[in-house]
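Enquirer: So the number in the working numbering is just where the residue sits in the sequence shown, counting from 1, plus 1409.
Even glycine gets a Cβ: it sits at the ideal position worked out from N, Cα and C.
Okay, here's the structure, questions in a sec.
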Amino acid sequence: MSDSTTKPRRVCFFGIDGATWKIIKPMVASGRLPNLAAMMENGSYGVLDSTCPANSSLAWTSLQTGVHPGKHGIFFFREQPSGMYQRPIVSWNSVHAPSIWSLANEHGKRVSSLYFPMTFPPEKVDGVMISGLLTPDRNADFIYPPEFRQELEKAVGEVPSDNEPEVVFGTVTQEAAAKKLFETTDQIARIGAYAFDKQDWDLYGIVFRGVDLASHRAWCYQDPQWAKLNPAAAEKGKDLLGSVYDLLDAKLGEIRDRLDDETTLVVASDHGFDRITHRFYVNRWLVEQGYLKLKNGKIAWMKTKLFFRQKFHGALRRLRLLQTYQATMKKLGGGGNSPDMGEAMLMSLVDWPR
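See the structure below:
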């Protein structure tokens, strides 16, 4: 029950992609992560079941829509249109359910949505939105309204996309990737702080993917079996992942310092993390069982072609020229720009009549 003089409550969401209690609880027990520790002591916490499978594309979409993949239509980072072998990359246009951002707007609430995965292209919300994971690059139109980008660049500097190539695509050394990851995280936090302070919002949310990116590169250092086989590398990288958790805990502290008593703070993740001990390659099994036949003489050449294509595109990403290259190829009518080219090449290996 409230009366007209009661100040409406606000909600602030802090997302940590790929966070797991397997790392958080031991770090808290050792005296680290003071902000998460304070929330655990003074609030409520527990295990939040992810989607099945526990993949960022469908998990973050479910979190933003409140429905399971069968209703919102996202099952992976790529779609599978009927009658096609090519699988286009999904976007928010692929989602078949309203977002919490649009629902909040319908109820007269302003929103600030920052770097949530799957939100490209950004919705035209009452408030601001910066798209996260699956944004093509920082040259794309991933900020709404467009003038908010100009405002940010004037106030805090360059606005990075979530897909900074040096971090995501593994095209540099681990040290360089970690440095870029910390720099990008710091800049995203500055953008988040500016939006927190300057925007009139009722629902605020920001997602940091640093833990997920670091876990993909550095989880092996947490694995005793791997560390036993690679002692020098394990010693060198043993606290890389922990340092990213420390960084995000500090960014959480900056948000907590800004909160008033009328704002509810929620911290959550899309999935946890662990090592993979087994993989099942369906096509390899089909070949071994005789159900799938490949064309003789093409496999080695195709592997070489795919390898150099990957290296070439990696270099373009580092130089932030990939989008320009793709646009040029499209104008020339070439197919080398297609993200599905690799899949199409592999499909051509199959001896379909057999």
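1. With 16 other CB atoms within 10 Å as the buried threshold, where does T1686 fall?
2. Could you say if the stretch 1603–1617 and the stretch 1519–1529 meet the contact criterion of at least three C-beta pairs nearer than 8 angstroms?
3. Helix or strand or just coil, what does DSSP make of M1448?
4. Assuming I1432 contacts L1650 under a Cβ cut-off of 8 angstroms, what Cβ separation, rounded to an integer in Å, is found between them?
5. Where does S1570 fall in DSSP's three states?
6. Run the CB neighbour count on L1457, radius 10 Å, all protein chains shown included, and call it buried at 16 or more, exposed below.
7. What first and last residue would you give for the alpha helix (DSSP H) that runs through V1620?
8. Does T1414 come out as helix, strand or coil in the three-state DSSP assignment?
9. In the DSSP assignment, find the beta strand (DSSP E) that holds G1536 and state where it starts and stops.
10. How is the alpha helix (DSSP H) around L1768 delimited, first residue to last?
11. Which class does R1547 belong to by DSSP, given the choice of helix, strand or coil?
12. For H1481, which residues of its own chain have a beta-carbon under 6 angstroms away from its beta-carbon, when the five flanking residues on both sides are left out?
13. Measuring CA to CA, which of H1680, D1648, E1697, W1610 is closest to W1430?
14. Would you grab the beta carbon distance between M1448 and V1437 for me? Rounded to a whole angstrom, and I think it's under 8 angstroms.
15. Roughly how many angstroms lie between the CA atoms of A1636 and K1434, to the nearest whole one?
16. Since T1594 and L1656 should fall inside the 8 angstroms C-beta cutoff, what is the C-beta to C-beta distance between them, to a whole number of angstroms?
17. Who pairs with V1420 in a beta bridge, going by DSSP?
18. Could you please give me the residues that DSSP links to F1525 through a beta bridge?
19. For D1683, tell me which candidate among N1639, C1629, K1660, E1671 has the shortest Cα-Cα distance.
Expert: Put simply:
1. Using a 10 angstroms sphere on the CB of T1686, the tally of other CB atoms stays under 16, which defines it as exposed.
2. yes
3. Looking at M1448 - three-state DSSP - the assignment turns out to be helix.
4. 7 angstroms
5. coil
6. exposed
7. 1619–1627
8. Residue placement at T1414 is poorly supported in this model, since its pLDDT is 48, which falls under 50; the coordinates are not used for a value here.
9. 1536–1540
10. Because the chain here runs from 1410 to 1763, residue 1768 falls outside it and cannot be looked at.
11. coil
12. T1470, T1474, V1504, H1505, A1506
13. H1680
14. With 8 angstroms as the limit, M1448 and V1437 do not qualify as a contact, their Cβ atoms being about 10 angstroms apart.
15. 21 angstroms
16. With 8 angstroms as the limit, T1594 and L1656 qualify as a contact, their Cβ atoms being about 6 angstroms apart.
17. Beta-bridge pairing links V1420 to L1612, T1673.
18. S1540
19. Taking the Cα of D1683 as reference, the smallest distance to any Cα among N1639, C1629, K1660, E1671 is reached at C1629.
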